[in-house]
Every structure is written in structure tokens, then in C-alpha cells.
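Participant:
There are 2 protein chains.
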Amino acid sequence: MNPSQPLTLDRYDRRILELIQQEGRISNQELAERIGLSPSPCLRRLRALEESGLILGYRALVDARQLGYRLMALVHISMDRHTPERFANFERQVAALPQVQECLMITGQEVDYQLKIRVEDMDDYQQLLLQHITPIEGVSGVHSNFVLRPVFENRGVPVAP
Amino acid sequence: MNPSQPLTLDRYDRRILELIQQEGRISNQELAERIGLSPSPCLRRLRALEESGLILGYRALVDARQLGYRLMALVHISMDRHTPERFANFERQVAALPQVQECLMITGQEVDYQLKIRVEDMDDYQQLLLQHITPIEGVSGVHSNFVLRPVFENRGVPVAP
DNA sequence: TTTTGATTGGCAGATTATGCCATCCGACGG
DNA sequence: CCGTCGGATGGCATAATCTGCCAATCAAAA
Chain W
1 MNPSQPLTLD RYDRRILELI QQEGRISNQE LAERIGLSPS PCLRRLRALE
51 ESGLILGYRA LVDARQLGYR LMALVHISMD RHTPERFANF ERQVAALPQV
101 QECLMITGQE VDYQLKIRVE DMDDYQQLLL QHITPIEGVS GVHSNFVLRP
151 VFENRGVPVA P
Chain R
1001 MNPSQPLTLD RYDRRILELI QQEGRISNQE LAERIGLSPS PCLRRLRALE
1051 ESGLILGYRA LVDARQLGYR LMALVHISMD RHTPERFANF ERQVAALPQV
1101 QECLMITGQE VDYQLKIRVE DMDDYQQLLL QHITPIEGVS GVHSNFVLRP
1151 VFENRGVPVA P
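Chains as they are written, first to last, in the numbering used here: chain W, 1 to 161; chain R, 1001 to 1161.
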């Protein structure tokens, strides 16, 4: 959790990062085998990467569509007054909505945030927007784009030499 | 890998999905303990969820900033001719760029794709755009927004009862 | 109440993780 | 050129975990 230490990653560390971004549940033995180390130093390195904060955690990828979330939308939000309180409040409210998968504060003349949203269908979407997003204090504009097809998502961060 | 079977998830399955979305590397023993089952049926359920395709895989989350990727951009792409070949070619080219973390085909009068990009700095970004994205056949417009702050990302899919 | 089918819990063997220590390697100083 | 020193590695032993198997349990239907 300490965002400092391994400023110097050697090829073993890089290889570990590449592999666990692809196979987050790979066993230490197989990891060691693939990077060309024995299990002991491999595990030590993995733990060090975790401790350093470079590895933030592990996630299972769940197929949203199979869970019934057939609609994905990108929502652009503009705020009327740009005070820290407004922003903080908006972010808190939005974080409480489980359908909001992602919230980014972005540049743009008419836009302050982009939300990525997953819902079951348009009815769901309309209700989320009108009941929970538009009413947040300070929200002055909402513009929606829908995802026709996710070409790819959840790619690993490149870890070049 | 078979996207069919568990149309009916009971509370155990739901709990498993919730937990492994938060702690992708949790041991089966602790998972079992937390959901209130013994390890055997817990592992059986987990494997079934994996086999069914509901769990697509596991990923380690790596702190991009610590790896030097200090700039994140959302790039909106418009294509001049909407033929399947153009789209397929664009997607292939873009998939070959490791800086492109995500590619979504979206609705919008002037937009066909949104890319999420991670680079080290503006120089990097300019080079990626001019050298690798703009030149792709059919790309007629590029508009960039930069991420000032990622409020949150990588949230799990809600798995409601 | 009895039957039937699915799910569970516990057990045993196989696999994996983890701490410890001697060894190895490279850098530095003598 | 050789010896010392610090850090990293590999192997080993123990602990923990995984995983397949079987009898027991539970629930729904007859």
C-alpha cells in the first residue's frame, strides 16, 4: 500500500505484472515457471509488488450481459456551479448508484463528468436518469451516448521495458 | 465457457460473484467461510460459474500512474464511410495499440467510437494520435477529452437478488 | 409418509503456499 | 587480482489449500 519503492522493475517484475493482468488467479507455481524463476523468489516479488501498491488488487470479470445488463451508456454531465462542494456532493451521490460503473472528471467546454452506466434496458435507464442523476444538485446538463458494441474493454496496462 | 446454464442464481451464487469481484484472489476456504458454506460446495459453485461463462476471467489491477502513465484521454472517432470493412480494419488497428485500454462503438451524430487511452504525457499522446490513429483508413474526425481525475473505475457489476 | 433428485459436508490424497537457511552472484574496496 | 559484503535465489520442510469421492441431508413431489 506504499506508493514508493519499486521504482526499478526488472524483467521478472514486468513479466509478473503482464501475466497477472491476464490471469489474475494464476498459481504462484505456474507464475514462477512462466517467468523462469523458482516459486520462492517469484512469490517474494509478487508480494513486494502488492505491498508497494503497484498491484491495487484483484477482480473477477463478470459478464454483465448474462446478468441482464443489456444496455451500456456513456453519460456526459455538466454542472452549473463549479464549487468543490458541488463536485464532492455529486461524486458521493453517484458513487452510491451501483449501476454507475465508472465516473471520470474530464475536460470539455460543456462537460464536467463522464459516467459509464449499465442497466437492463431503456426503461431502467430512463428511471435511473430521471430519478437519481438529474435531481442531483448542480447538474445542469445531461447528454447520453449508448454503446452499440464493446469492441474491447478491461485491457491491461502496458508494462514496457 | 458456455453462456447458458445458470439462469437461476441463488443467494450463494450471488454472494460468490459479489465477493470475487472485490477480492479476485480470495482463497476458496475464505470464500466458503464468508458465504456460509463448506469449501466443497463453494468450489463446485465457483467452478460452475466459471464454466458457464458468467465469470469471464480474473485480472490484477495495476496502478497505471505508478507505471508512468500520467495522462488518460477519451478520444471520440468519426469514420467517413460506414462499411463493415472499414470498421473491422479500424478495430484491428486500434487493438494493436497497447495504449488503447478500451474501444467502444457508440451512438452519436458525429461519433462512431470512443477510445480510452493511457499515455505518459502530452508528447506521447500527440505522437500516438498523429502516428497511429489519425492515419487509419476511414478516420475522418478525432476529438479528445482528457481525464482530470478518475473519481472511480473498475467497479463490479451489481448482482442484485 | 415415502420416494426421488439435487446439494451438502467431511475426509483423504494431491497440489500449492510460505518461512527458513545455505548458496550464488555482482559490486565494491583492498 | 582477490576478498568482502549485500542482495537475491533455490531448495527444503511445514502449513495451508485444493479437489475428487462418498455418505448424509434436505426439499419437493408422489
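Backbone N, C-alpha and C fix where the C-beta goes; we use that ideal spot for every residue, glycine too.
(1) Going along chain R, which residues have a C-beta under 9 Å from E102 of chain W?
(2) Answer yes or no: does any C-beta atom of chain W fall closer than 8 Å to that of N1145 of chain R?
(3) So who's on the other strand from A1048 of chain R, going by DSSP bridges?
(4) Closer than 8 Å is the cut-off here; do at least three beta carbon pairs connect the region 1101–1113 of chain R with the region 1069–1080 of chain R?
(5) Can you tell me which of W:S27, W:G68, W:P41 and W:I26 puts its alpha carbon nearest to the alpha carbon of Y12 of chain W?
(6) Run through DSSP, which three-state label would I35 of chain W get?
(7) Shortest alpha-carbon distance to P84 of chain W belongs to which of W:L97, W:E137 and W:V142?
(8) Give a yes or no on whether the minimum CB-CB distance between P1098 of chain R and chain W is below 8 Å.
(9) Quick check on Y1113 of chain R: does DSSP put it in helix, strand or coil?
(10) So, are the CB atoms of L1148 of chain R and I55 of chain W less than 8 Å apart?
(11) Since Q1101 of chain R contacts R1118 of chain R with CB under 8 Å, what's their CB separation in whole angstroms?
(12) What do you reckon, are the CB atoms on L46 of chain W and R34 of chain W nearer than 8 Å?
(13) Between which two residues does the beta strand (DSSP E) holding A1096 of chain R run?
Facilitator: From the atom records:
(1) In the first sequence, residue 102 of chain W corresponds to position 102, counting from 1. By Cβ distance, chain R contributes P1150, V1151, F1152, E1153, N1154 and R1155.
(2) If you number the second sequence from 1, residue 1145 of chain R lands on position 145. Interface criterion met: the Cβ of N1145 of chain R is under 8 Å from a Cβ in chain W.
(3) Taking the second sequence and counting its residues from 1, the one referred to as residue 1048 of chain R is at position 48. Bridge partners of A1048 of chain R: none, in fact.
(4) Contact holds: three or more Cβ-Cβ distances are below 8 Å.
(5) One-based indexing of the first sequence puts residue 12 of chain W at position 12. If we check each option's Cα against that of Y12 of chain W, W:P41 comes out closest.
(6) As a working note, residue 35 of chain W is residue 35 in the first sequence. Helix.
(7) Here residue 84 of chain W refers to the residue found at position 84 when the first sequence is read from its first residue. Here the closest residue by C-alpha is W:E137.
(8) Taking the second sequence and counting its residues from 1, the one referred to as residue 1098 of chain R is at position 98. Interface flag for P1098 of chain R against chain W is set, since a Cβ pair is found closer than 8 Å.
(9) Indexing the second sequence from 1 puts residue 1113 of chain R at position 113. In the three-state reduction of the DSSP assignment, Y1113 of chain R falls in the strand class.
(10) Along the second sequence, one-based indexing puts residue 1148 of chain R at 148. Along the first sequence, one-based indexing puts residue 55 of chain W at 55. For L1148 of chain R and I55 of chain W, no; Cβs fall outside 8 Å.
(11) Along the second sequence, read from residue 1 onward, the residue named residue 1101 of chain R stands at position 101. Along the second sequence, read from residue 1 onward, the residue named residue 1118 of chain R stands at position 118. Between R1118 of chain R and Q1101 of chain R the Cβ distance is about 6 Å, and since that is below 8 Å, they are a contact.
(12) As a first step, residue 46 of chain W must be located in the first sequence, where it is residue number 46. As a first step, residue 34 of chain W must be located in the first sequence, where it is residue number 34. No, the Cβ-Cβ distance between L46 of chain W and R34 of chain W is not below 8 Å.
(13) Counting from 1 along the second sequence, the entry for residue 1096 of chain R is found at position 96. From DSSP, A1096 of chain R is part of no beta strand (DSSP E); its letter is neither H nor E.
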